[in-house]
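Step one of this worksheet: look at the structure below.
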Amino acid sequence: MIRPILYKGLALFTPGQDVVFCRDSTKQGHWHQDLCHALQQLLDLREPPLFLVPCYSAAVDYWFDEEQQLLRVAAEVYPLAWPHRPLLDALFALPDQKTLLWQLVEDPQHPCDRLAIESYRADFPQLWEHHHLVYDLRQVSPASSFIPRLTEPDRYVLRLYVASETSAVEHALKNLHALLSQCLTVPYTLKVVDVTKQPEFAEEDQVTATPTLVRVHPRPVRRLVGHLDDRDRVQRLLTP
Numbered sequence: 001m002i003r004p005i006l007y008k009g010l011a012l013f014t015p016g017q018d019v020v021f022c023r024d025s026t027k028q029g030h031w032h033q034d035l036c037h038a039l040q041q042l043l044d045l046r047e048p049p050l051f052l053v054p055c056y057s058a059a060v061d062y063w064f065d066e067e068q069q070l071l072r073v074a075a076e077v078y079p080l081a082w083p084h085r086p087l088l089d090a091l092f093a094l095p096d097q098k099t100l101l102w103q104l105v106e107d108p109q110h111p112c113d114r115l116a117i118e119s120y121r122a123d124f125p126q127l128w129e130h131h132h133l134v135y136d137l138r139q140v141s142p143a144s145s146f147i148p149r150l151t152e153p154d155r156y157v158l159r160l161y162v163a164s165e166t167s168a169v170e171h172a173l174k175n176l177h178a179l180l181s182q183c184l185t186v187p188y189t190l191k192v193v194d195v196t197k198q199p200e201f202a203e204e205d206q207v208t209a210t211p212t213l214v215r216v217h218p219r220p221v222r223r224l225v226g227h228l229d230d231r232d233r234v235q236r237l238l239t240p
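Each residue of the sequence shown is one higher than the last, beginning at 1 in the working numbering.
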């Protein structure tokens with residue numbers, strides 16, 4: 001019997017709906033601090049936003065039940081990350097599982113006080129802005145403190161150009177994240193750009209139609225127009 005790759009995964013959202021996430025097949029990592037450090041570097045924060053934990057986090061654990069010879073899944077999400085379950089499914093669901101059975105966690109020792117978190121807004125305004133950031137933090141070492149460098153050659157920087165943010169775009173984005181997770185073995189950053197709001201980005205990347213996926217890094221720049229659910233076309237875009 002061929003077993004799927006088992007791992008633990010963790011995601012941390014911001015009030016502005018950005019997210020950083022990671023997977024660890026060793027199941028040894030405790031990465032809340034690593035994710036907070038990643039947000040600090042990516043959004044240029046004065047310090048790691050530890051106050052987001054645990055209310056804006058979600059976790060998933062895949063393990064194999066030797067006695068029953070079955071794959072078991074535990075998926076937990078805290079209240080302020082609850083609305084993001086569709087994206088979490090795209091980031092963590094196995095190919096044969098389109099959705100996960102997420103359990104809502106309400107920890108009385110860590111109540112999710114929106115007003116208390118809101119009090120940090122003046123010092124961390126970037127967290128309340130929507131940067132369309134979905135950052136994949138791969139294979140975090142349990143003992144390390146991660147400092148992301150977006151220009152490293154083994155990291156992918158992608159932009160998805162759309163004409164407006166609709167339910168169809170959300171569906172396409174979910175499918176795209178699933179494909180990227182399958183096709184890439186290194187971290188990636190994906191920024192969604194609405195050309196009606198940020199035409200200067202479209203001009204810079206020579207985008208004339210939507211949807212268009214642009215590989216900004218590594219060089220050379222490549223573009224994929226339409227049909228973003230075609231794995232072979234996405235794979236060719238990502239091939240060095």
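Glycine is no exception: its CB is placed at the ideal position from the N, C-alpha and C atoms.
Per DSSP, cross-strand counterpart(s) of residue i
{"i": "R222", "result": "R215"}
{"i": "R155", "result": "Paired residues: none, contrary to the question."}
{"i": "E76", "result": "A59 and Q103"}
{"i": "T189", "result": "Y135 and V157"}
Closest Cα partner of residue i within the set the options
{"i": "V193", "options": "R231, L184 and L173", "result": "L173"}
{"i": "P125", "options": "G9, T14 and Y7", "result": "T14"}
{"i": "E106", "options": "Y56, A116, L213 and I117", "result": "Y56"}
{"i": "V234", "options": "K197, P199, L160 and H171", "result": "L160"}
{"i": "L241", "options": "A59, A38, A168 and Q17", "result": "Not covered by the structure: residue 241. The range shown for the chain is 1 to 240."}
{"i": "L71", "options": "L88, L6 and L45", "result": "L6"}
{"i": "H132", "options": "L87, W102 and E66", "result": "L87"}
{"i": "A81", "options": "E129, Q109, A58 and P48", "result": "A58"}
{"i": "P111", "options": "V53, K98, W63 and Q40", "result": "V53"}
{"i": "Q17", "options": "A202, G9, D113 and P83", "result": "P83"}
{"i": "F92", "options": "L224, S119, D34 and S25", "result": "S25"}
{"i": "P240", "options": "F201, Q109 and T185", "result": "T185"}
{"i": "H130", "options": "K191, L115 and E47", "result": "K191"}
DSSP-derived helix/strand/coil call for residue i
{"i": "L43", "result": "helix"}
{"i": "W82", "result": "helix"}
{"i": "D194", "result": "strand"}
{"i": "C22", "result": "strand"}
{"i": "K98", "result": "coil"}
{"i": "L10", "result": "strand"}
{"i": "F201", "result": "helix"}
{"i": "E207", "result": "The question names Glu, but residue 207 is Val in the sequence shown. The answer is coil: DSSP assigns V207 none of H, G, I, E or B."}
Beta-carbon separation (whole angstroms), residue i vs residue j, contact threshold 8 Å
{"i": "T210", "j": "A163", "result": "4 Å"}
{"i": "Y135", "j": "L237", "result": "Going by Cβ atoms, the distance from Y135 to L237 rounds to 19 Å, so no, they are not a contact pair."}
{"i": "V157", "j": "T189", "result": "5 Å"}
{"i": "V20", "j": "L137", "result": "6 Å"}
{"i": "D89", "j": "L100", "result": "6 Å"}
Check your understanding: Do the segment 28 to 44 and the segment 77 to 89 meet, that is, are 3 or more Cβ pairs less than 8 Å apart?
Key -> Under the Cβ criterion (8 Å, minimum of three pairs), the segment 28 to 44 does not count as touching the segment 77 to 89.
Review point. Quick one: any contact between the segment 218 to 236 and the segment 179 to 190, if contact means 3 or more CB pairs under 8 Å?
Key: Judged by Cβ distances under 8 Å, the segment 218 to 236 makes contact with the segment 179 to 190, as three or more pairs qualify.
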